[in-house]
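Accompanying notes for the structure given below.
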Amino acid sequence: MIEREFDEATGTISVRGTGLYSFMDVEQHYVALRELVARVRSSGRPVRVLSDVTHGVRQAGWVEDYILDQMTQTFEAGDRIAFLTANYPDRAHIQDIGGHLVRSFTSRSAAEQWLAAPEDAAGQ
137 MIEREFDEAT GTISVRGTGL YSFMDVEQHY VALRELVARV RSSGRPVRVL
187 SDVTHGVRQA GWVEDYILDQ MTQTFEAGDR IAFLTANYPD RAHIQDIGGH
237 LVRSFTSRSA AEQWLAAPED AAGQ
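One gets this note's numbering by counting positions in the sequence shown from 1 and adding 136 to each.
Shown next as structure tokens:
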């Protein structure tokens, strides 16, 4: 299951993923996420996403490939996407497959600090 919501106070889109995802789960998530991203962009706010997969499981390769494809269609240069993982092997895996599109963290506070940092301090 994949859930998402926008935190008006922080300007961050929070995503929570648990279990294994079907094609339909990913498709529905990215339709809804693109609508959220469009609203954030239209309000003039920067796009910041914190994706919490600490209770998720490693997905099948085709699912990861599909998610990566959807991410490249959804996000633009300057957007920040942070993945919060349960452990260092998952963090390394997500960083490996996400490459330049994402940053992965095992600490929620570190992820939130990176998302909130000014442009010149975030290492973009």
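Beta carbons are placed, not taken as given, at the ideal position from N, Cα and C, and that holds for glycine.
(request) Quick one: which unbroken beta strand (DSSP E) runs of 3-plus residues sit fully inside the segment 180–214? Chain order, please. (result) 184–188
(request) Tell me, to the nearest whole angstrom, how far the beta carbon of Val185 is from that of Ile138; I am working on the premise that it is less than 8 Å. (result) That belief does not hold up - the Cβ atoms of Val185 and Ile138 are roughly 12 Å apart, past 8 Å.
(message) Rounded to whole angstroms, what is the Cα-Cα separation between Ser179 and Leu172?
(response) 11 Å
(message) Which residues does DSSP list as the beta-bridge partners of Asp143?
(response) Thr148
(message) Going by beta-carbon coordinates alone, are Leu204 and Gly234 separated by less than 9 Å?
(response) yes
(request) Assign Asp188 to buried or exposed, taking buried as 16 or more other Cβ atoms, counted over all protein chains shown, within 10 Å of its Cβ. (result) buried
(message) Using the three-state DSSP reduction, which class does Leu156 fall into: helix, strand or coil?
(response) coil
(message) Arg227 and Phe241 - do their beta-carbons sit closer together than 9 Å?
(response) yes
(request) Would you list, in sequence order, the uninterrupted beta strand (DSSP E) runs of no fewer than 3 residues that lie entirely inside the segment 210–257? (result) 216–220 and 239–241
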